[in-house]
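> According to my numbering, the sequence shown is numbered sequentially starting from 37.
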Amino acid sequence: MSKIWVKKPMSAYEADIKKSQLKRVLGKWSLTAIGIGAIIGGGIFVLTGTGAYYNAGPALALSFVIAGIACVFAALCYAEFASILPVEGSAYAYAYGTVGEIFAWIIGWGLILEYAMGSMTVAVSWSGYFAKLLKMFGLHLPAYLTTDPQTYIAAGNSGFSMNLPAFLIVFFVISILVRGTKGAAKANNFIVVLKVSAIIFVIVAGAFIIFNSADPFKNWAPFIPEPTTITENGVSHSAYGLAGVVAGASAIFFAYVGFDAVSTQAGEAINPKKDVPFAIIASLIICTLLYILVSLVLTGMMHYTDFNPLGKYPDAIKAPVAYAFDIAGYAWAGYIITIAATIGLISVLMVMIMGQSRIFLGMSKDGLIPATFSKVNPETGVPTKNLLILGVVIAIVASLTPINDLAHMTSFGTLFAFTMVCVAVWVLRVKEPHLQRNFKVPALPLIACLGIAINIYLIFNLSKEAQMYSFAWLIIGFFVYFLYSKKHSKLQNGGYGETFKAEQEPLEKPDIDL
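As structure tokens, this is what we get:
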């Protein structure tokens, strides 16, 4: 049984880096753009509506502050790990080299939940913005082709339904990713510039609308609504009050997954030990500030109860920012935001799926999941089969599942991974104090303890359904490990002996920085 705690030696990581078929084409600003590309979208264009209605009301801004503080501790720990182990796999790879295989497997299994559910959430939200974009041009998709079965039935309908746009956008993104990382990064850089410009427009225009109205503070009063119970689809849960603010921080936490996505691309970074830590911290700081400002503007323009998916504006929860301008009487601004969000969410989905595929790549190279996930196309430098399999699964689930369930399960995966990273970086500092670290977490024991405590607390403030489904996912993961992964693990079978020969091979000359 002790073999399940076997650790992957540092020399094996070095050999993996030198044998990697991935192309090193990403500089620090491309990596930062990947982080911003993932962060800006999920939180601003998707979860502002769900967080305001289901959890915090106007105090959603405080939820973003709490989530941002929790992220700072985890981001610092990620940055130190990235400066030591610049490989694909993110928290999974970090844990494998520090704590042991079973610990790494649990994290990897949690990351699968995080990225898969995150991709599905964004695909569903993109569908909402896309439907709104079509309406601008007088085109209306029928409800049974834009709604998941559960929500469709809850609205009093019967018969077949699926979210077709969510299904199709996943395959569009896959078609971009299979062409190569360099091209995908260029597309992401362009979209990020567009999104940031749109977000700045939202903040400035929204503030102008709020403070030029007859009663600027009406939608912010009370800022923290009285606690109540919301019942939907036969399920009840508590909302608002201070507990709702904390629950909101838990629910929106997946919006910060972008800086984690930066670490999944370390295998394609030109100078990963320096550039990945920089990109992680820079993307987090920039996006946290934007989140706080946008959530204040959104809840100031539109009353939080109007995001009810069964209420007067049923589509507002899928496209909250654009609908806020529509309801305020500024439809032209809603057009700009809808176009920017429709295009911008594509980069979020792109980074999510790309990160998921790199985690699968790392786990497959270690033998913990089937070898087909580690096969890299020599021409494009990307794991094509890996991406295609992911695309099929993500597309099907996104077309059939309500957005709120997806968002909460994604937050569980994110919080769980962040907790494990805070533990693992502390363990490595104690066990391997002499490793070269281009970035070191200041006051590590304090930072790690705070990160662990806050993330665990937020996990227990997720909805009961999300906790139940997520813990069930972890239990399934244990069965998969002992029935398949442990038997096929390269470390368990001494499979890294030949890999060490690669240590003498020179690294491939990197392409030009983007």
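Just so you know, even glycine gets a beta-carbon here, dropped at the ideal spot from N, CA and C.
Here's a check: name, in chain order, each residue in its chain whose Cβ is nearer than 7 Å to the Cβ of L17, leaving out the five neighbours to either side.
Residue 17 is absent from the model: the chain starts at 37 and stops at 550.
> Just reading off the alpha helix (DSSP H) that I430 is part of, what are its end residues?
In the DSSP assignment, I430 falls within the alpha helix (DSSP H) that extends over T420 to A434.
> Around the C-beta of W162, are 16 or more other C-beta atoms found within 10 angstroms, so that it is buried, or is it exposed?
buried
> I believe C113 touches V461 by the beta-carbon criterion, under 8 Å. Please report the beta-carbon distance rounded to the nearest angstrom.
4 Å
> Kindly indicate which three-state DSSP category H273 falls into: helix, strand or coil?
In the structure shown, H273 adopts extended strand secondary structure according to DSSP, grouped into three states.
> I'd like the ranges of any alpha helix (DSSP H) spanning at least 4 consecutive residues and lying wholly in the region 57-105.
64-77 and 84-87
> Under 8 Å, do L527 and V42 count as touching if we go by C-beta distance?
The Cβ-Cβ distance between L527 and V42 falls below 8 Å.
> Do the CB positions of T324 and S126 come within less than 8 Å of each other?
no
> Thinking just about the alpha-carbon of each residue, which of S66, R60 and F515 is nearest to the one in F295?
S66
> Here's the rule: buried if 16 or more other CB atoms are within 10 angstroms of the residue's CB, otherwise exposed. What is M156?
buried
> Is the CB-CB distance between L423 and S383 below 8 Å?
For the pair L423 and S383, the CB atoms are not nearer than the 8 Å cut-off.
> Whole beta strand (DSSP E) runs in the region 180-239 with 3 or more residues, listed along the chain?
Runs of the beta strand (DSSP E) inside the region 180-239: none found.
> For L494 versus S286, is the C-beta spacing smaller than 8 Å?
Using a Cβ distance threshold of 8 Å, L494 and S286 count as a contacting pair.
> Roughly how many angstroms separate the alpha carbons of V521 and P345, rounded to a whole number?
Note that residue 521 corresponds to Ser in the displayed sequence, not to Val. Rounded to whole angstroms, S521 to P345 spans 42 Å at the Cα level.
> Do A431 and V214 come within 8 Å of each other at the CB atom, strictly closer than that value?
no
> Starting from I266, trace the alpha helix (DSSP H) both ways and give me its first and last residue.
DSSP places I266 outside any alpha helix (DSSP H); the residue lies instead in the beta strand (DSSP E), whose first and last residues are T264 to E268.
> Kindly indicate which residue of G449, V160, I246 and M445 has the alpha-carbon position closest to the one of G365.
Answer by Cα proximity: I246.
> How many angstroms separate the CA atom of T187 from the CA atom of K309?
46 Å
> Check A364 in the structure and name its three-state DSSP category.
coil
> If you reduce the DSSP assignment to three classes, tell me which class A140 lands in.
helix
> Tell me which same chain residues have a C-beta within less than 8 Å of the C-beta of Y49, skipping the five on either side of it?
L121, V123, A129 and G133
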